[in-house]
Amino acid sequence: MEMEFDIDLSQFWCRNEECPDYGKKDHGNIVLKQRYGKQNRALLKCRTCKECFSETKGTIFFGLDTPQDEVIRTLAMIPEKGSIRGVARATGHDKDTISRWLEIAATHCEEVTAYFLQNLNLKRVEVDEIWGFIKKNKKM
Ligand SMILES: [Zn+2]
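Each residue of the sequence shown is one higher than the last, beginning at 2 in the numbering used here.
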């Protein structure tokens, strides 16, 4: 089976902190092992330590079918819409799906907050409001 080589491997580095080549970009140690999932994501391998990791490792919403940016943007609409149901109506995403994203977001508090502030230019109060929803969602 031929594998399509359409990924720039020089953009990736070994995520294994124990590896001698950890964090070294464009070092030739990263190879494409296989593709997987609906989005045809790359599973990469470090030849130095033999560890495998996904191209999306280190991102927040690993393994979802929806792109991370869209997930975050959907969650960011919560203060404006006032409820998960409202966001579901506005975006067309299922409310159970959105609840699940909130659960995931809750486990990556710092990254998600940073993303809201830096990438979406939300204000602190808006981000706090989203976290209020996330906490409420967890109790349900
Ligand atoms: Zn390695």
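Glycine included, C-beta positions come from ideal geometry on N, C-alpha and C.
Does the Cβ-Cβ distance between residue i and residue j come in under 9 Å?
{"i": "Lys-168", "j": "Leu-33", "result": "The structure shown has nothing for residue 168, since the chain only spans 2 to 141."}
{"i": "Asn-138", "j": "Ala-89", "result": "no"}
{"i": "Thr-92", "j": "Met-78", "result": "yes"}
My guess is that residue i and residue j are in contact by the Cβ rule of under 8 Å, so how many angstroms apart are they, rounded?
{"i": "Glu-56", "j": "Phe-117", "result": "Rounded, the Cβ-Cβ distance is 23 Å, inconsistent with contact."}
{"i": "Ile-105", "j": "Phe-62", "result": "6 Å"}
How is residue i classed by DSSP in three states: helix, strand or coil?
{"i": "Ile-99", "result": "helix"}
{"i": "Gln-40", "result": "coil"}
{"i": "Leu-33", "result": "strand"}
{"i": "Lys-26", "result": "coil"}
{"i": "Ser-11", "result": "helix"}
{"i": "Cys-110", "result": "helix"}
{"i": "Leu-45", "result": "strand"}
{"i": "Ile-135", "result": "helix"}
{"i": "Phe-117", "result": "helix"}
In whole angstroms, what is the alpha-carbon distance linking residue i and residue j?
{"i": "Asp-95", "j": "Leu-65", "result": "14 Å"}
{"i": "Asp-97", "j": "Pro-21", "result": "43 Å"}
{"i": "Cys-53", "j": "Trp-102", "result": "25 Å"}
{"i": "Arg-125", "j": "Pro-80", "result": "12 Å"}
{"i": "Ser-100", "j": "Leu-121", "result": "20 Å"}
{"i": "Leu-76", "j": "Cys-50", "result": "37 Å"}
{"i": "Ala-43", "j": "Arg-36", "result": "5 Å"}
{"i": "Ile-85", "j": "Ile-8", "result": "36 Å"}
{"i": "Gln-119", "j": "Val-128", "result": "11 Å"}
{"i": "Asn-17", "j": "Leu-123", "result": "33 Å"}
{"i": "Glu-111", "j": "Lys-82", "result": "23 Å"}
{"i": "Ile-73", "j": "Val-113", "result": "8 Å"}
**Contact set, ligand 1 heavy atom to C-beta under 7 Å** = Cys-15, Asn-17, Cys-20, Asp-22, Tyr-23, Asn-30, Cys-47, Thr-49, Cys-50, Glu-52
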